[in-house]
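Asks: First, the structure itself, so that you have it in front of you.
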Ligand SMILES: Cc1cc2nc3c(=O)[nH]c(=O)nc-3n(C[C@H](O)[C@H](O)[C@H](O)COP(=O)(O)OP(=O)(O)OC[C@H]3O[C@@H](n4cnc5c(N)ncnc54)[C@H](O)[C@@H]3O)c2cc1C
């Protein structure tokens with residue numbers, strides 16, 4: 006690993022000022038479970054000269070619930086999300102998604118902000134510099150997306166365009182299904198962004214001098230059903246090949262409210278709007294579930310080796326809807 010300077014930030018304003026001052030020569034360190042791997046392999050195109058530890062900023066790791074909903078500090082650990090009685094009771098889709106992340110050790114170190122802002126797992130982007138030199142690609146600012154003509158079995162089937170890597174965050178899928186928002190702070194003040202708007206094809210919505218300070222989740226309707234399901238190659242520990250987050254309210258057997266969000270199929274969580282619209286007011290019988298599953302993948306454009314993701318997505322949507330009938 007190349008050397009860098011390490012600083013413990015004492016306040017949010019100090020951290021954002023340091024980011025603003027050093028530009029792309031500085032980066033944030035939360036749990037370090039993603040960042041340190043990238044630094045070790047020297048995969049990223051830019052090397053930080055300053056690494057700013059934000060775990061040292063007080064007050065960013067709380068989890069608080071009230072009538073309006075849930076507020077999760079950007080530094081709250083994934084393990085704390087899983088253990089929170091409030092999250093388990095009223096936001097189980099988020100607890101399940103956090104529980105499906107990596108291993109207990111990584112969940113104990115990894116934070117909510119870091120999970121949302123983690124870099125893509127595309128194997129071309131992450132190719133280690135030490136083995137034959139760095140592979141450049143569109144996401145690194147030079148050349149085409151190599152997944153288009155290469156091995157694209159884990160890449161996007163929606164909204165690929167410039168870069169076909171997928172968002173690796175499981176919690177983003179659950180938060181999008183819960184209509185969650187991300188609070189971001191920077192030298193120009195604070196802003197609130199829907200989780201769905203946080204992800205773009207080449208990078209996330211953070212400016213170089215901004216920090217995720219909080220995640221806000223509105224309290225879902227009473228009597229709702231929440232499901233998170235994830236298909237992965239290794240059940241023990243692995244990123245999603247496809248996942249689904251579902252939040253649904255059934256009234257007298259008919260769908261009164263529904264959010265269906267697919268994960269690992271696009272640069273960010275992908276909301277299945279056509280399936281949601283179809284289900285409104287309908288009962289959850291076999292025919293409607295199958296039709297909704299077909300509509301959930303409407304508009305998918307697979308690459309040469311990942312059409313199987315369409316079938317996987319349909320199956321997960323069906324299973325999640327069936328789970329709500331029980
Ligand atoms: C073996 C392995 C398996 C994994 N499996 C999964 C999985 O199945 N599902 C899944 O979702 N994830 C998985 N991950 C990813 C893991 O969840 C993330 O590494 C972790 O959540 C990142 O959190 P962190 O606090 O360690 O972030 P860091 O590594 O400290 O930071 C990650 C990135 O986010 C930025 N960042 C961190 N906090 C903030 C903030 N508050 N504001 C702005 N930017 C910030 C950092 O600058 C850095 O660029 C896996 C990781 C490993 C190593």
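In the working numbering, the protein residues as written are 6 to 331. Glycine is no exception: its CB is placed at the ideal position from the N, C-alpha and C atoms. These numbers come from a predicted model, not from an experiment.
Beta carbon of residue 198, beta carbon of residue 222: below 8 angstroms?
Replies: Along the chain shown, read from residue 1 onward, the residue named residue 198 stands at position 193. Along the chain shown, read from residue 1 onward, the residue named residue 222 stands at position 217. Cβ atoms of residue 198 and residue 222: not closer than 8 angstroms.
Asks: Look at residue 98 and residue 252 and say whether their C-beta atoms are less than 8 angstroms apart.
Replies: Mapped onto the chain shown, residue 98 falls at position 93. Mapped onto the chain shown, residue 252 falls at position 247. Yes, Cβ-Cβ distance for residue 98 and residue 252 is below 8 angstroms.
Asks: Could you please give the first and the last residue of the uninterrupted alpha helix (DSSP H) stretch that includes residue 295?
Replies: Taking the chain shown and counting its residues from 1, one reaches residue 295 at position 290. From DSSP, the alpha helix (DSSP H) with residue 295 extends over 291-301.
Asks: Can you tell me where the alpha helix (DSSP H) holding residue 27 begins and where it ends?
Replies: Numbered from its first residue, the chain shown carries residue 27 at position 22. Run containing residue 27: 17-27, per the alpha helix (DSSP H) assignment.
Asks: Starting from residue 266, trace the beta strand (DSSP E) both ways and give me its first and last residue.
Replies: Locating residue 266 in the chain shown gives position 261, counting from the first residue. It spans 259-268 - the beta strand (DSSP E) in which residue 266 sits, taken as one unbroken run.
Asks: Sort 249, 185 and 46 by Cα distance to residue 220 and report the nearest one.
Replies: Residue mapping note: residue 220 aligns to position 215 of the chain shown, counting from 1. Residue 220 has its Cα closest to that of 185, out of 249, 185 and 46.
Asks: Output the distance between the C-alpha atoms of residue 138 and residue 167, rounded to the nearest integer angstrom.
Replies: The sequence position of residue 138 within the chain shown is 133, counting from 1. The sequence position of residue 167 within the chain shown is 162, counting from 1. One C-alpha to the other measures close to 23 angstroms.
Asks: Residues bridged to residue 195 by DSSP?
Replies: Counting from 1 along the chain shown, the entry for residue 195 is found at position 190. BP columns for residue 195 point to 190.
Asks: Sort 238, 265, 275 and 285 by Cα distance to residue 257 and report the nearest one.
Replies: Within the chain shown, the letter at position 252 stands for residue 257. Here the closest residue by C-alpha is 285.
Asks: What is the residue span of the beta strand (DSSP E) that residue 218 lies within?
Replies: In the chain shown, counting from the first residue as 1, residue 218 sits at position 213. Its beta strand (DSSP E) spans residues 216-223.
Asks: Residues in the same chain with beta-carbon distance under 6 angstroms from residue 254, minus the five sequence neighbours each way, listed in chain order, please.
Replies: Start at 1 with the first residue of the chain shown, and residue 254 comes out as number 249. Cβ neighbours of residue 254 beyond the five flanking positions: 226, 229, 261 and 262.
Asks: Considering only heavy atoms of ligand 1, does any lie closer than 7 angstroms to the CB of residue 48?
Replies: Here the question's residue 48 lines up with position 43 in the chain shown. No, Cβ of residue 48 sits at least 7 angstroms from all heavy atoms of ligand 1.
Asks: Apart from the five residues on each side of it in sequence, which residues of its chain come closer than 6 angstroms, Cβ to Cβ, to residue 294?
Replies: Walking along the chain shown from the start, residue 294 turns up at place 289. Around residue 294: 323 and 326.
Asks: Let me check one thing: in DSSP terms, what residues is residue 114 bridge-paired to?
Replies: Numbered from its first residue, the chain shown carries residue 114 at position 109. Answer by DSSP bridge pairing: none, since residue 114 is not bridged.
Asks: Does ligand 1 have a heavy atom nearer than 7 angstroms to the CB of residue 141?
Replies: The count along the chain shown starts at 1 and reaches residue 141 at position 136. Every heavy atom of ligand 1 is 7 angstroms or more from the Cβ of residue 141, so no.
Asks: Pull up the distance between the alpha-carbon of residue 232 and that of residue 60, whole angstroms please.
Replies: Indexing the chain shown from 1 puts residue 232 at position 227. Indexing the chain shown from 1 puts residue 60 at position 55. Going by the C-alpha atoms only, they are around 31 angstroms apart.
Asks: Cβ of residue 180 versus every heavy atom of ligand 1: is any distance shorter than 7 angstroms?
Replies: On the chain shown, residue 180 is found 175 positions in, with the first residue counted as 1. Answer for residue 180: no, Cβ out of range of ligand 1.
Asks: Would you please state the rounded distance, in angstroms, between the beta carbons of residue 270 and residue 161? I believe it to be under 8 angstroms.
Replies: Translated into the one-based positions of the chain shown, residue 270 becomes position 265. Translated into the one-based positions of the chain shown, residue 161 becomes position 156. So it is a contact: roughly 6 angstroms between Cβ atoms.
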